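J.:
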Amino acid sequence: KNWLLNILLSGTFSGQSDNLLEKSRKTIVNLYPLQKFPAKEINLGFPTGKKTEVDEEIIKDISYSDPESYLLLYLAYPYDTNFKPSSDVNYPQQDHIFSQDELGKAKYDKNDINRIGNIQLVTTDANQRKSNTPYKEWIKKESSENIKLTLIPDKPEDWDVGKYENFVQKREQIILEKIKDVL
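Just so we're aligned: 292 in my numbering is position 176 of the sequence shown, and the numbers increase by one with no gaps anywhere.
#1: Does the segment 241-253 come into contact with the segment 207-214, if we say contact requires no fewer than three beta-carbon pairs (one atom in each stretch) closer than 8 Å?
#2: In or out: L188 buried (at least 16 other Cβ within 10 Å) or exposed?
#3: Could you tell me which of I175, I174, D177 and K142 sits nearest to L160, measuring between CA atoms?
#4: Out of N135, D134, S133 and I158, which one is the CA nearest neighbour of V105?
#5: Which residue comes first and which comes last in the alpha helix (DSSP H) that contains L137?
#6: Please confirm whether P272 and K286 have their CB atoms less than 7 Å apart.
#7: How would you write the range of the beta strand (DSSP E) that D211 sits in, first residue to last?
Structure below.
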């Protein structure tokens with residue numbers, strides 16, 4: 117499971133997936149009955165430069181609505197987080213912590229705005245309630261439990277749009293640490 121999650125998050129199978137999947141399958145068939153899952157041996161069969169573990173670079177490359185972003189956020193949130201919706205229209209959505217509007221006015225570009233460090237999972241209802249509320253106003257209404265759950269840096273001085281880059285870097289580091297703990 118850990119190997120597969122690392123591979124999915126690091127995008128190892130993107131590109132030449134047919135070839136890599138076949139090599140991986142052969143390694144598993146040849147070695148798995150003889151030992152536990154042969155992750156190391158499979159990884160050795162990948163071309164040089166293919167990442168097989170989540171690191172800071174991979175975290176920085178994942179952004180809003182990327183295929184890996186939901187997986188990353190689900191893994192980063194505590195296991196006991198209840199994302200079970202009360203109805204089909206309330207499945208978790210990705211939400212910008214600092215709104216696109218607020219960051220656009222502060223002259224941040226789309227890539228900066230959509231970094232995974234600025235994305236959280238919320239219910240549809242919570243997403244609609246927050247809407248374009250400036251971050252400093254929204255965070256005041258949040259419980260300390262929700263702040264911890266969403267991996268938001270806990271120092272209020274990081275909650276200002278003027279310190280956005282610092283906020284995103286800290287949050288991406290927190291996410292990376294959580295992912296490494298899980299994997």
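Glycine included, C-beta positions come from ideal geometry on N, C-alpha and C. All figures in this text were calculated on a predicted structure; none of them were measured in a lab.
T.: Let's see:
#1: yes
#2: buried
#3: K142
#4: The shown model of the chain, from 117 to 299, leaves out residue 105, and the question about it has no answer.
#5: S133 to L147
#6: no
#7: Q209 to H212
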